[in-house]
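Worksheet: one structure, shown below.
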Amino acid sequence: MNVPFLNLAAQYEALKSEILPAVEKTLAGGHYILGPNVVAFEQELAAYVGTKFALGVNSGSDALTLALRALGVGPGDEVITTPFTYIAPAESVVQMGAKLVFADIDPETFTLDPAEVARRITPRTKAIIPVHLFGQAAPLDALAKLAGPKGIHLVEDCAQAIGATKDGKRVGGFGAIGCFSFYPTKNLGADGDGGAIVTNDETLAKKLKMLRVHGIERRYFHDLHGFNSRLDELQAAILRVKLPHLDRWNARRAEIAGKFIAGLKDLPLELPVTAPGNGHVYHVFHVLADRRDDLQKHLADRGVPTLIYYPQPLHLQKCYADQGWKAGDYPIAEETSRRILPLPMYPELTDPHVDHVIATIRSFYGK
Ligand SMILES: Cc1ncc(COP(=O)(O)O)c(C=O)c1O
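Per my numbering, the sequence shown runs over residues -2 to 364.
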């Protein structure tokens, strides 16, 4: 049996009868940028996340960049984030001309370790970007306690965690701004690039709305240094079709995770840990293994391709060579990079696929 690592076409097939009419209607409507679908999707997303405002932008990366700009992050400021994630949050800090500061992660959840964040805070710290990695919330309470009294902004990176909860509340509205990605592989994926920014702060919402269209409030009058970062109508129309299915998809992910955990728990592997109070949406399901590369090969030889992320923590990336970071600076992130193995995980994964992955891992351990 072959188990595809991802199968985005399967989602399209299942929703084709809803997506095609939505696309057709949008094309026939003749309004392609910031039209009725974007407005409606923003309202639907805000209602889903539980924030007052949501704004569609071009990508999750842009959401982070616009968020930092709206908060006034710039040269002389420091922003703390995690070295064990996709590079976008780190890039957004560098793009603002601020100093990028990493804090190591918790060894079980791989989200920012508040004790490590605490020791990196200085009078120049302007923001913290917790990443809700692999589908579960970073320790928002502890981070808010560190940040709040010092006037430090929390910018939640929710790219991998739409629908994830903390004490029953969906992520995105805990900090000043929440940033989402609709990259096709995300739990809610567009059929192209897309992203969104959410906030409860009306002043920030207004500023963000201007920033995404060249800093304008009135056409051809530029009050801010802005960007061109808009969610397009076609993607918004498709996202509107998909959003009502998200909770069902996330529930299927959790069901698959439960099967993996039940089938693997007696093996000499570490399985995902969900922090108390967290509702996990399993964007990624991983195992941590000592002989990770041998296990990956064993799986690949038996029809189970896997992809390692992240193979190299951000502080060791070539693009940051001038920052002077070295191996050993963030030991938990480095150790996690060496041992992590994400397994196939998407709602369309069938039970026989899941059973095959489990049986193949078990056979590696002679079980
Ligand atoms: C944690 C995280 N932040 C930000 C992004 C950036 O999103 P986008 O690809 O939409 O720019 C991604 C992934 O793509 C991500 O995984």
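The beta carbon of each residue, even a glycine, is placed where N, CA and C say it ideally should be.
Please name the residue in the options whose C-alpha comes closest to that of residue i.
| i | options | result |
| --- | --- | --- |
| R250 | H222, H280, N225 and L236 | H280 |
| A11 | V238, I253 and Y317 | V238 |
| T271 | H312, V91, L236 and L130 | L130 |
| I149 | L338, V76 and I258 | V76 |
| L137 | N197, L63, L201 and G274 | G274 |
| L97 | A318, P111 and G145 | A318 |
| A51 | A60, Q40 and S58 | Q40 |
| P241 | G186, D164 and I258 | G186 |
| R288 | P181, L264, G300 and G175 | L264 |
| S89 | I125, T23 and L231 | I125 |
| Y343 | L61, Q157 and Y327 | Q157 |
| F38 | L296, F179 and I258 | F179 |
| I337 | A139, I305 and Y29 | I305 |
| A254 | P339, L296, A324 and A173 | P339 |
| T162 | F282, L61 and A135 | A135 |
| F282 | E252, Q8 and A115 | E252 |
At the 9 angstroms Cβ level, is residue i part of the contact set with chain C, yes or no?
| i | result |
| --- | --- |
| G57 | Absent here is chain C; the protein component of the structure consists of one chain. |
Here's the rule I'm using: 16 or more other beta-carbon atoms within 10 Å means buried, otherwise exposed. How should residue i be labelled?
| i | result |
| --- | --- |
| F218 | exposed |
| P349 | exposed |
| M(-2) | exposed |
| S360 | exposed |
| N55 | buried |
| C316 | exposed |
| K147 | exposed |
| G70 | Here residue 70 is Val; the residue named in the question, Gly, does not match the sequence. V70 comes out buried. |
| G363 | exposed |
| Y83 | buried |
| A44 | exposed |
| A112 | exposed |
| P120 | exposed |
| P269 | buried |
| A202 | buried |
| K123 | buried |
| V152 | buried |
| I358 | buried |
Just to confirm my understanding: we take residue i, look at its own chain, exclude 5 residues before and 5 after, and list those with CB closer than 8 angstroms. What are they?
| i | result |
| --- | --- |
| P308 | S334 |
| H211 | H219, G223, F224 and N225 |
| I355 | K256, F257, G260 and L261 |
| T303 | F2, Q293, L296, A297, L338, P339, L340 and P341 |
Taking DSSP as the reference, what is the three-state secondary structure of residue i?
| i | result |
| --- | --- |
| D138 | helix |
| R249 | helix |
| G260 | helix |
| H219 | strand |
| G255 | helix |
| E105 | coil |
| G170 | coil |
| L31 | coil |
| H211 | coil |
| F81 | coil |
| H242 | helix |
| H129 | coil |
| D369 | Absent from the structure is residue 369, since the part of the chain shown begins at -2 and ends at 364. |
| K49 | coil |
Apart from the five residues just before and just after residue i, which ones in its own chain have a Cβ nearer than 6 angstroms to its Cβ?
| i | result |
| --- | --- |
| W322 | H312 |
| I329 | D101, I102 and P104 |
| T79 | I102, L109 and V128 |
| L266 | V284 and A286 |
| K256 | V351 |
| N4 | E345 |
| K142 | none |
Ordered along the chain, which non-local residues of its own chain (more than five positions away) have a Cβ less than 7 angstroms from that of residue i?
| i | result |
| --- | --- |
| G160 | R167, N184, L243, D244, N247 and V278 |
| G170 | V46, G47, T48, V195 and N197 |
| T23 | N34, E230, L231 and A234 |
| C155 | H129, V168, G169, G175, C176 and F177 |
| E214 | M207 and D220 |
| P310 | P80, F81, Y327, A330, E331 and S334 |
Less than 8 angstroms separating the Cβ of residue i from some heavy atom of ligand 2?
| i | result |
| --- | --- |
| S334 | Summarising the ligand content, the structure contains ligand 1 and does not contain ligand 2. |
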